[in-house]
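Okay, so here's the structure we're looking at.
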Amino acid sequence: MGRFQPFHKGHEYVINQILKENDEVIIAVGSAQLSYTLENPLTAGERVYMIQSALKQRRLGLDKAITITVPDIQYNSVWPTHLKSYSPPFDTVYTNNPLVTALLKDAGITVKHPKLYMRNKCSGTNIRRWLLKGDPQWRKYVPDTTIIILDELKIRERLLTITAQYENPGGRE
Numbered sequence: 152m153g154r155f156q157p158f159h160k161g162h163e164y165v166i167n168q169i170l171k172e173n174d175e176v177i178i179a180v181g182s183a184q185l186s187y188t189l190e191n192p193l194t195a196g197e198r199v200y201m202i203q204s205a206l207k208q209r210r211l212g213l214d215k216a217i218t219i220t221v222p223d224i225q226y227n228s229v230w231p232t233h234l235k236s237y238s239p240p241f242d243t244v245y246t247n248n249p250l251v252t253a254l255l256k257d258a259g260i261t262v263k264h265p266k267l268y269m270r271n272k273c274s275g276t277n278i279r280r281w282l283l284k285g286d287p288q289w290r291k292y293v294p295d296t297t298i299i300i301l302d303e304l305k306i307r308e309r310l311l312t313i314t315a316q317y318e319n320p321g322g323r324e
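Numbering (the numbering used here), first residue to last: 152 to 324.
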């Protein structure tokens, strides 16, 4: 479960961990309804495409990975049921999000906390920040396929446009 904004090597690392313990993995793309914001610049479809492309390139088991999208809801107590309605059956969720952990445990779902990969550097927040600054450092922390897709999407230009909108909300000078 993650937002994958964008998909990076930390996500790849966690998927590898999960596949060492399980025959298959369901990758839930959360906040699926959000896009074109600073925290969520990519659409759900773009995120799924990035994930599938990276898995295919790394031969991480496309036959063992199902990617789903899950929009947010504002009623946390029913969120586990909401998640189940978007997903094939599952018995364990891997997450490091404290709220998600609490909600799932309250619903009787097993939660595991995967080890994180270079969390101080390899995070969507850092990658988006580097992209905005034009700092090529971000390329070290994402799979090659993610680089290609983000370049094709002109994600830096998208982030700059979004930033300009926040700085000038009316859109006119």
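Just so you know, even glycine gets a beta-carbon here, dropped at the ideal spot from N, CA and C.
Is it buried or exposed for residue i, if we count other Cβ within 10 angstroms and need 16 for buried?
i, result
"T297", "buried"
"T218", "buried"
"R154", "buried"
"L206", "buried"
"Y245", "buried"
"I224", "exposed"
"R198", "buried"
"L213", "exposed"
"L250", "exposed"
"L267", "exposed"
Give the C-beta separation of residue i and residue j to the nearest angstrom, bearing in mind that I take them to be a contact with Cβ-Cβ under 8 Å.
i, j, result
"W289", "I278", "5 Å"
"K160", "P294", "7 Å"
"L189", "T314", "7 Å"
"I202", "F158", "5 Å"
Which residues in the same chain have their Cβ closer than 7 Å to the Cβ of residue i, if we skip the five residues on either side of it in sequence?
i, result
"I306", "P192 and L282"
"V176", "I166, I169, L170, K215 and A216"
"Q208", "P294, D295 and T296"
"H162", "G153 and F155"
"K272", "Y292"
With a CB to CB cut of under 6 Å and the five nearest residues on each side skipped, what residues in its chain are close to residue i?
i, result
"N247", "H264"
"T220", "V180, A183 and A195"
"G275", "Q156"
So, for residue i: in the same chain, excluding its five sequence neighbours on each side, which residues have a beta-carbon less than 8 Å away from its beta-carbon?
i, result
"T243", "N173, I260, T261, V262 and K263"
"L254", "N227, S228, W230 and P231"
In the DSSP output, what is residue i paired with across the bridge?
i, result
"V199", "The partner list for V199 (beta bridge, DSSP) is empty, contrary to what the question assumes."
"I217", "I177"
"G153", "V180"
Would you check whether the ligand PLP has a heavy atom nearer than 6 Å to the C-beta of residue i?
i, result
"L267", "Questions concerning the ligand PLP fall outside what the structure shown contains, since it holds no ligand whatsoever."
So, is the C-beta of residue i closer than 7 Å to a C-beta in chain C?
i, result
"A253", "Given the protein chain composition of this structure (a single chain), no chain C is represented."
* Asked: Whole beta strand (DSSP E) runs in the region 228-297 with 3 or more residues, listed along the chain?
  -> 243-245 and 261-263
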